[in-house]
Every structure is written in C-alpha cells, then in structure tokens.
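Below is one structure, written out as structure tokens; the observations come after it.
2 protein chains.
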Amino acid sequence: MTPRGRRTRDAIVDAAAELMYVNGVAATSVDKVLTASGAGKSQMYHYFKNKDQLVEAVIDRFLRGILANQPTITALDDWAAFDRWTEEILDVHRRAGHPIACPLGNLAGELGDDPRVAALLDKAYREWESHLERGLLSLRDKGELRADADPARLAQATMACVQGGLLLAHIRQDVTPLADALEIAVAHLRSQAA
Amino acid sequence: MTPRGRRTRDAIVDAAAELMYVNGVAATSVDKVLTASGAGKSQMYHYFKNKDQLVEAVIDRFLRGILANQPTITALDDWAAFDRWTEEILDVHRRAGHPIACPLGNLAGELGDDPRVAALLDKAYREWESHLERGLLSLRDKGELRADADPARLAQATMACVQGGLLLAHIRQDVTPLADALEIAVAHLRSQAA
DNA sequence: TCCAGGTTGTACTGATCAGTACATCAGCGC
DNA sequence: GCGCTGATGTACTGATCAGTACAACCTGGA
Numbered sequence: 001m002t003p004r005g006r007r008t009r010d011a012i013v014d015a016a017a018e019l020m021y022v023n024g025v026a027a028t029s030v031d032k033v034l035t036a037s038g039a040g041k042s043q044m045y046h047y048f049k050n051k052d053q054l055v056e057a058v059i060d061r062f063l064r065g066i067l068a069n070q071p072t073i074t075a076l077d078d079w080a081a082f083d084r085w086t087e088e089i090l091d092v093h094r095r096a097g098h099p100i101a102c103p104l105g106n107l108a109g110e111l112g113d114d115p116r117v118a119a120l121l122d123k124a125y126r127e128w129e130s131h132l133e134r135g136l137l138s139l140r141d142k143g144e145l146r147a148d149a150d151p152a153r154l155a156q157a158t159m160a161c162v163q164g165g166l167l168l169a170h171i172r173q174d175v176t177p178l179a180d181a182l183e184i185a186v187a188h189l190r191s192q193a194a
Numbered sequence: 001m002t003p004r005g006r007r008t009r010d011a012i013v014d015a016a017a018e019l020m021y022v023n024g025v026a027a028t029s030v031d032k033v034l035t036a037s038g039a040g041k042s043q044m045y046h047y048f049k050n051k052d053q054l055v056e057a058v059i060d061r062f063l064r065g066i067l068a069n070q071p072t073i074t075a076l077d078d079w080a081a082f083d084r085w086t087e088e089i090l091d092v093h094r095r096a097g098h099p100i101a102c103p104l105g106n107l108a109g110e111l112g113d114d115p116r117v118a119a120l121l122d123k124a125y126r127e128w129e130s131h132l133e134r135g136l137l138s139l140r141d142k143g144e145l146r147a148d149a150d151p152a153r154l155a156q157a158t159m160a161c162v163q164g165g166l167l168l169a170h171i172r173q174d175v176t177p178l179a180d181a182l183e184i185a186v187a188h189l190r191s192q193a194a
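As structure tokens, then:
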C-alpha cells in the first residue's frame with residue numbers, strides 16, 4: 001500500500017468512526033461514509049472486503065482514541081494515579097462538541113449479539129482493562145494492594161462502573177453519573193488497599 | 001379499539017420487542033416484525049403512525065418487563081431487601097434462552113444521539129430509578145440511611161453500576177461482571193447507612 | 001337486515017442499501 | 001519514454017427499506 005492509499009484508507013476509517021460514533025453502525029451507510037470522506041466506492045472495496053471489515057477497523061480506531069485520551073492509564077503506579085486517571089476521563093467528556101458517550105459502549109448494544117463483533121469488542125475491552133490490571137498488579141507487588149486481591153476481576157468491575165456511568169451520562173448528556181460511578185469504582189479499589 | 005385490535009397491536013409490539021432486543025432497532029425492519037407477528041402492513045400503520053412510534057411502544061414494554069422481573073424493587077424497605085433485589089436481577093440473567101443484556105441499555109448506544117429517543121429512554125430509566133430512590137427515602141426516614149445522603153443521586157449511581165455490569169456481561173455472556181458491579185453498588189449504598 | 005367503524009390483505013412506490021463491473025488514472029522502477 | 005501495479009471514477013444490479021393506496025372484510029348496534 002502506497003502512502004497515498006494509506007491516506008485514503010485512513011480518511012475512510014476516520015469518517016466511518018465519526019459517523020458510527022454519533023449515529024450508530026446500521027444508520028451509517030457505506031455511501032454516507034464515502035461522501036463524508038470524499039472517497040469513491042472503488043476505494044472502499046479496494047481496502048475493505050465489506051462493511052463488516054470497515055467496522056472492525058473502526059472498533060480498533062475507537063480503542064486507540066480512548067487510550068490516547070487517558071495517558072495515565074499506562075502509568076498507574078500509585079493510588080493517586082487512579083484519581084488522575086478518573087480526572088482524565090471526566091475531562092474528555094466535559095469537553096463540548098461531541099456527545100458524551102463511549103464509542104465502544106455504543107456498539108455493545110447494537111452489535112453485541114453478533115458473536116463475531118462481540119468477540120472484537122471483548123478483545124478491545126480486555127486491552128483497555130489490561131492496563132488497569134497492570135497498574136493493580138504493580139500496586140500489589142509494592143504491597144499497596146492486598147495480596148489476595150484479584151487484579152483482573154477488579155479491573156473488570158472498574159470497567160463496568162466506567163461503562164455504566166458513561167451510558168447514563170450519554171442518555172442524560174450530563175457527566176454527573178459518570179463522575180459518581182468513577183468515584184465509587186476507585187473507592188472500591190482503595191478498599192482493597194493493603 | 002376492540003379486543004381483537006388490541007390483540008393484534010400487542011402481537012406487533014411483542015414481536016418488535018423480541019427482535020429489537022436481539023438484533024437492534026435498525027436491523028429490525030417493519031416487514032420482519034410483521035412476518036414474525038403474523039400481522040399485515042395495514043395493521044402496523046393502523047396502530048402506529050410510523051416505525052418511531054412502534055419503538056416508543058417497545059421501550060415502554062421493555063420497562064414493564066424489567067420491573068416485572070424484579071418485584072422486590074417496589075418493596076425496598078430494609079437493607080436486606082437490596083440484597084434480594086440484586087439476586088432477582090442476577091437470576092433473570094442466569095436463566096438461559098436469551099442473551100444477557102438490558103433491553104433499554106441496548107438501545108442507549110444505537111439511539112442515544114437521537115434527542116427524541118434519548119428523552120424516552122431517560123424517562124424509562126428515571127422510572128426505574130424512582131423505585132430505588134423511594135426505597136432509600138424510606139430507609140432514611142427510618143434512620144437507617146444518613147440524613148445527608150441524596151437518594152436520587154445514590155439511585156442514579158446504583159443504576160450506572162447495574163447498566164455497566166450488564167454491558168460487560170452482555171459482551172462476555174457471563175454474569176460475573178454484573179454480579180461484581182451489583183455487589184459494589186450495594187456496598188456503596190450500605191456505606192451511607194446511618 | 002343493514003350499515004358504520006374498526007379491521008385486514010395485497011399490491012404498489014420511490015428511496016436507499018451493500019456490493020460489483022469495468023474502464024481509467026497516477027506514479028515508480030526500468 | 002514504457003509498462004506494471006496500485007489507486008480511482010462512475011455506472012450499474014438486485015435486494016430491502018419505510019410508507020401508501022385501496023378494496024374488502026368482519027362485527028356490533030339500530
């Protein structure tokens with residue numbers, strides 16, 4: 001693939017991600033993506049076998065964007081870092097100009113019963129959670145988390161709170177439910193401190 | 001509307017709810033609903049102005065089904081009742097034969113950016129939460145909840161945990177995230193006990 | 001019996017959908 | 001300059017979509 005082709009492919013994924021984030025996958029037709037990206041149909045089917053493959057690329061793009069928006073998640077080496085992490089999440093959704101919602105969470109309801117897509121979403125969520133788990137592991141190694149705590153399960157429960165907070169924040173376009181859910185999640189983690 | 005018409009209308013909403021629960025709203029065409037319900041197109045547009053109005057009826061039906069599945073939510077008059085409530089939720093989703101997911105939560109991602117649908121979903125969630133709030137109010141009146149606790153906000157945070165737990169449980173088809181999230185939610189409520 | 005209002009079957013429209021066919025273009029190595 | 005390969009433009013197909021038109025139906029009350 002040449003640099004020109006790469007740019008075109010990126011433009012298609014960009015436009016698709018934006019449209020699918022706001023309107024959902026089913027409501028985002030290939031034609032709309034192509035109009036928004038300025039590409040033609042032959043490009044779309046040159047770089048993607050079908051719409052499903054485009055959705056795959058969009059899911060990956062969502063995850064990369066999410067992780068880039070919360071840099072502290074890769075540096076959770078003390079309890080204060082968890083507080084900074086929740087502040088980063090809140091800051092993202094306090095910024096105006098886009099709906100308050102998790103791009104991955106938006107797909108869960110619409111596509112979660114397609115086992116193929118569910119597997120991709122699961123993979124994305126697990127990568128997201130793995131950073132939380134790594135942070136908890138480092139705390140446990142430092143003796144700041146109970147030795148019998150289960151970092152993977154704690155990470156999963158934390159993610160559940162994040163997603164639930166975002167879902168209600170989305171419906172109400174108000175960050176309060178997210179802020180409260182994040183506080184509860186981190187309080188629960190801290191309750192497992194050694 | 002005659003009893004016969006009522007039955008036809010109910011059959012349409014039944015079929016639509018089932019299909020939209022599993023496949024999402026956009027993937028559920030009016031034609032599929034009518035085939036599944038055995039009704040004809042003229043009935044559909046006799047009882048509903050358009051597909052959006054059918055979705056409205058489905059949202060209401062989802063809420064009724066959810067509340068019917070957790071009867072204890074209307075009798076949250078001591079802390080033990082909250083534990084029974086979480087058990088009811090888990091039991092529903094431990095039963096096989098249907099995907100593990102919240103019907104309302106499934107719609108949030110797909111339709112949450114349509115302000116009209118978001119308002120309907122918000123209304124449904126508020127009714128759901130109102131029962132939690134009522135329970136917390138009764139506990140506060142009995143002196144079992146701190147006088148300065150905010151029942152509405154606590155109810156909202158609890159709902160966030162429920163929804164997040166269900167979202168991850170959906171993607172993973174495993175009730176563990178839901179069980180953990182429910183436990184965290186109720187533990188947080190109990191931390192506000194007087 | 002008759003008839004009015006609620007109910008139903010079927011055929012249709014125009015728009016949009018995902019995906020395909022095929023010709024042309026652009027740029028890079030030779 | 002030549003030719004190959006990736007990149008692109010455009011026109012098309014058949015399926016499906018939401019919604020409409022219209023005639024025919026029941027069924028209860030007068």
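Sequence lines, in order, name chains A and B.
Those letters in the first sequence? Residues 1 to 194, per our numbering, in order.
Those letters in the second sequence? Residues 1 to 194, per our numbering, in order.
Ideal Cβ positions, reconstructed from N, Cα and C, are used throughout, including at glycine.
Which same chain residues end up closer than 8 Å to residue i when comparing Cβ atoms and leaving out the 5 residues on each side of it in sequence?
i, result
"residue 66 (chain B)", "102, 103, 104, 128"
"residue 94 (chain A)", "175"
"residue 11 (chain A)", "37, 38, 39"
"residue 138 (chain A)", "76, 77"
"residue 13 (chain A)", "54, 57, 58, 61"
"residue 173 (chain B)", "99, 100"
"residue 71 (chain A)", "88"
Counting only the same chain and skipping the five closest in sequence on each side, list residues whose C-beta sits under 7 Å from that of residue i.
i, result
"residue 190 (chain B)", "79"
"residue 86 (chain A)", "182, 186"
"residue 158 (chain A)", "132, 185, 189"
"residue 20 (chain B)", "28, 58"
"residue 22 (chain A)", "99"
"residue 41 (chain B)", "34"
"residue 145 (chain A)", "136, 139, 192, 193, 194"
"residue 6 (chain A)", "none"
Any idea which residues DSSP pairs residue i with across the strands?
i, result
"residue 193 (chain B)", "B:145"
Are the CB atoms of residue j and residue i within a distance shorter than 8 Å?
i, j, result
"residue 39 (chain A)", "residue 2 (chain A)", "no"
"residue 110 (chain A)", "residue 24 (chain A)", "yes"
"residue 69 (chain A)", "residue 88 (chain A)", "yes"
"residue 43 (chain B)", "residue 168 (chain A)", "no"
"residue 194 (chain A)", "residue 143 (chain A)", "yes"
"residue 90 (chain A)", "residue 179 (chain A)", "yes"
"residue 108 (chain B)", "residue 177 (chain A)", "no"
"residue 113 (chain B)", "residue 99 (chain A)", "yes"
"residue 120 (chain B)", "residue 18 (chain B)", "no"
"residue 125 (chain A)", "residue 171 (chain B)", "yes"
"residue 26 (chain A)", "residue 147 (chain B)", "no"
"residue 30 (chain A)", "residue 49 (chain A)", "no"
"residue 192 (chain B)", "residue 155 (chain B)", "no"
In its own chain, which residues sit with a C-beta less than 6 Å from the C-beta of residue i, not counting the 5 before and 5 after it?
i, result
"residue 117 (chain A)", "111"
"residue 16 (chain B)", "33, 54, 58"
"residue 152 (chain A)", "133"
"residue 62 (chain A)", "103, 104"
"residue 92 (chain A)", "69"
*Does the region 35-52 of chain B come within contact of the region 175-184 of chain A, defined as at least 3 CB pairs closer than 8 Å?*
Not touching, per the Cβ criterion.
*Does the region 132-141 of chain A touch the region 67-77 of chain B, meaning 3 or more C-beta pairs lie closer than 8 Å?*
No, the region 67-77 of chain B is not in contact with the region 132-141 of chain A.
_Members of the region 36-51 of chain A near chain B, C-beta cut-off 8 Å_ = Taking 8 Å as the Cβ-Cβ cut-off against chain B, none of the residues of the region 36-51 of chain A qualify.
_Taking beta-carbon pairs under 7 Å, can you tell me which members of the region 114-144 of chain B lie near chain A?_
Residues passing the 7 Å Cβ filter: 118, 121, 122, 125.
*Contact list for the region 161-182 of chain A against chain B, Cβ threshold 9 Å*: If the cut-off is 9 Å between Cβ atoms, the region 161-182 of chain A has 161, 162, 163, 164, 165, 166, 167, 168, 169, 170, 171, 172, 173, 176, 177, 178, 180, 181 near chain B.
*Near-chain A residues of the region 11-38 of chain B - C-beta to any C-beta below 7 Å*: Residues of the region 11-38 of chain B with a Cβ closer than 7 Å to any Cβ of chain A, in chain order: 22, 23, 24, 26, 27.
*In chain order, what residues of the region 97-109 of chain B put their CB closer than 7 Å to some CB of chain A?*
Look at the region 97-109 of chain B: the residues with a C-beta under 7 Å from a C-beta of chain A are 99, 101, 105, 106, 107, 108, 109.
*Along the region 144-155 of chain A, what residues have a CB closer than 8 Å to any CB found in chain B?*
Taking 8 Å as the Cβ-Cβ cut-off against chain B, the residues of the region 144-155 of chain A that qualify are 153.
*Using a Cβ cut-off of 7 Å, which residues of the region 57-84 of chain A contact any Cβ in chain B, in chain order?*
Against chain B - using a Cβ distance shorter than 7 Å - the region 57-84 of chain A contributes no residues.
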